[in-house]
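2 protein chains.
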Amino acid sequence: MTEDRLDATFASLADPTRRAILARLAQGEATVNELAEPFAMSLPAISRHLKVLERAGLISRGREAQWRPCRLEAGPLKDIAGWVEHYRRFWDASFDRMADYLKELQTPKGDPDDRKN
Amino acid sequence: MTEDRLDATFASLADPTRRAILARLAQGEATVNELAEPFAMSLPAISRHLKVLERAGLISRGREAQWRPCRLEAGPLKDIAGWVEHYRRFWDASFDRMADYLKELQTPKGDPDDRKN
DNA sequence: GTTGTACTTAACGGATATGTTAATTAACAA
DNA sequence: TTGTTAATTAACATATCCGTTAAGTACAAC
């Protein structure tokens, strides 16, 4: 997994319309018009959002007659989950003490007697 | 957790410089100059990246004399982890069959006899 | 063929993002 | 006061994002 792919995935997910589209696709394939229906936004705008998602690898598109059914592709989401997992210890309560400890260990200018406990 | 906060968090994480800064901060507090050191980029550019991270709640900043030590704040990362977790079933192997099943269930134009198995 | 439906692309506009250099603020040190 | 270091802010250039409307493409139905 490259950094560029993380860039594209995070950037795609930064838009609420695109996240809503993914949520919709989590329930099954849908056409562009079906995906556009809930939004107060022109069809071309949705089409561009879909292109962004496709470029990020978050969806794939088939062809059935004049329809382009969209489908969720979760690979990049797995990458995101893997990335964020590295930070779990910073929000898990059981690791708070360790985080504090690590921080104290290498505070460059801190007074050593400032240490809690 | 609001949608806006997810927007800001994902947008912040879409930049590789900012992700690298977070990775650095995972090892402990650091000043702006320390954070800037690995990058071929001007200090004002780093300062702006830090402002983006701060606005997203991903870091906090203290004051020690003329230094502004930066510290990782993991709350928004926890939100990200929670968000992406909803999609786990789409990449977990044990759920592939279920995803297929759901897809078949509501394919609008599919031939019912197309169903696998 | 013509018409209708589904969707994309083109052209445009405004807002935001990301970098630069130069100037400024703030705190310490001589 | 003067100078040094740390960091931010100002001013600017460029690029990308996100929406619009209008035009174009692809397929289906008649």
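First to last, the sequence lines map onto chains A and B. Note that this note's numbering has the first sequence beginning at 232, numbered continuously upward. Note that this note's numbering has the second sequence beginning at 232, numbered continuously upward. Cβ coordinates follow ideal geometry from the N, Cα and C atoms, glycine included. Keep in mind that this is a model prediction, so the values were computed, not measured.
Among the residues facing chain B, glutamate 234 of chain A is included, as its CB has a counterpart in that chain under 8 Å away. Under the 8 Å Cβ criterion, the segment 268-279 of chain B does not count as touching the segment 288-298 of chain B, having fewer than three qualifying pairs.
The DSSP assignment places 263-267, 274-286 as complete runs of the alpha helix (DSSP H) inside the segment 248-293 of chain A, in order along the chain (cut-off: 4 residues).
Put simply, the backbone Cα of lysine 282 of chain A is about 16 Å away from that of arginine 255 of chain A. Those residues of the segment 297-319 of chain A placed with their C-beta closer than 9 Å to a C-beta in chain B are Trp298, Pro300, Arg302, Leu303, Glu304, Ala305, Gly306, Leu308, Lys309, Ile311, Ala312, Trp314, Val315, Glu316, His317, Tyr318, Arg319, ordered along the chain.
With a beta-carbon spacing of about 20 Å, tryptophan 322 of chain B and alanine 242 of chain A fall beyond the 8 Å limit used to define contacts.
At least one CB atom of chain A sits nearer than 8 Å to the CB of alanine 245 of chain B.
Per the C-alpha coordinates, the member of B:Arg286, B:Trp298, B:Asp235 positioned closest to arginine 249 of chain B is B:Arg286. The closest CA to that of arginine 299 of chain A, considering only A:Leu266, A:Lys309, A:Met232, A:Tyr318, is found on A:Leu266.
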